[in-house]
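Chemist: Line order of the protein sequences matches chains A and B. Counting from 234, one number per residue, gives the positions in the first sequence under our numbering. Counting from 365, one number per residue, gives the positions in the second sequence under our numbering. All C-beta atoms, glycine included, are put in the ideal place defined by N, C-alpha and C. The structure's right below; bear with me while I get my questions together.
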Amino acid sequence: AQSVAQPEDQVNVAEGNPLTVKCTYSVSGNPYLFWYVQYPNRGLQFLLKYITGDNLVKGSYGFEAEFNKSQTSFHLKKPSALVSDSALYFCAVKGNRDDKIIFGKGTRLHILP
Amino acid sequence: DAGVTQSPTHLIKTRGQHVTLRCSPISGHKSVSWYQQVLGQGPQFIFQYYEKEERGRGNFPDRFSARQFPNYSSELNVNALLLGDSALYLCASSLIRGTYEQYFGPGTRLTVT
């Protein structure tokens, strides 16, 4: 069965510091991996995806994520955090055998000024 | 272009009643997915429709059903409502089923009393 784990409920980072939001997954076959962000009172917004190819994927707002097949991880990263990055971040995975997309429980990111 | 639209925005129903939620995808998008998001959790996959056919189903009871119309809009129906059905129901559209990023609507907040 497909599953996604986001081990941290909350991550606190000082503005200007690098940030990492962790995600590990379990899926049959090759994974399709996604990161979404949810701002207060706004809908989920797509950040980036990994389908195939380069393990380092670049997305919106300066975010990037690294696919690591051996560790079954897809951590979200940003070199220098902004206060405006404070939001709820969701990792999601889809296997290549059906169309179910499974979301993690989310990680709340707090960027401290 | 307009994004994904959902109606109604908010809805209050009584246990045992039936509800219909509606979704209009982004123009040109042929795939629609439905998710249930309970407070404090990630979206839970309910259904995916592509070209008017069901392409994926999550672990929800048969009280939940959906359909997609020729114009690619979609309805989610829930019968015999339970208190536990109270949640934010999200609709997402994508250009191609499964492999591409999804664009989410603002959701319908359903409260069952």
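Report all residues from its chain with a CB closer than 6 Å to the CB of Asn-329 (chain A); omit the five preceding and five following residues, and keep chain order.
Modeler: Excluding residues within five positions, the ones whose Cβ falls inside 6 Å are Gly-262 and Asn-263.
Chemist: Mind listing the chain B neighbours of Gly-286 (chain A)? Cutoff is C-beta to C-beta under 9 Å, in chain order.
Modeler: None at all; the shortest Cβ gap to chain B is about 13 Å.
Chemist: Determine, using beta carbons only, whether Gly-318 (chain B) comes closer than 7 Å to chain A.
Modeler: Not covered by the structure: residue 318 (chain B). The range shown for chain B is 365 to 477.
Chemist: In chain order, what residues of the same chain lie with their CB nearer than 6 Å to the CB of Ile-334 (chain A), ignoring the 5 residues before and after it?
Modeler: Ala-325 and Lys-327
Chemist: Could you compute how far the alpha carbon of Tyr-269 (chain A) sits from the alpha carbon of Asn-288 (chain A)?
Modeler: 18 Å
Chemist: Where does Tyr-436 (chain B) fall in DSSP's three states?
Modeler: Here DSSP, grouped into helix, strand and coil, assigns Tyr-436 (chain B) to coil.
Chemist: Using beta carbons (cut-off 7 Å, strictly below), is Glu-417 (chain B) in contact with chain A?
Modeler: no
Chemist: Rounded to whole angstroms, what's the CA-CA distance from Phe-267 (chain A) to Pro-434 (chain B)? Just pull it up for me.
Modeler: 29 Å
Chemist: Could you check where the beta strand (DSSP E) with Gln-370 (chain B) kicks off and where it finishes?
Modeler: 369-371
Chemist: Could you compute how far the alpha carbon of Gln-278 (chain A) sits from the alpha carbon of Gly-249 (chain A)?
Modeler: Here the alpha carbon of Gln-278 (chain A) sits roughly 23 Å from the alpha carbon of Gly-249 (chain A).
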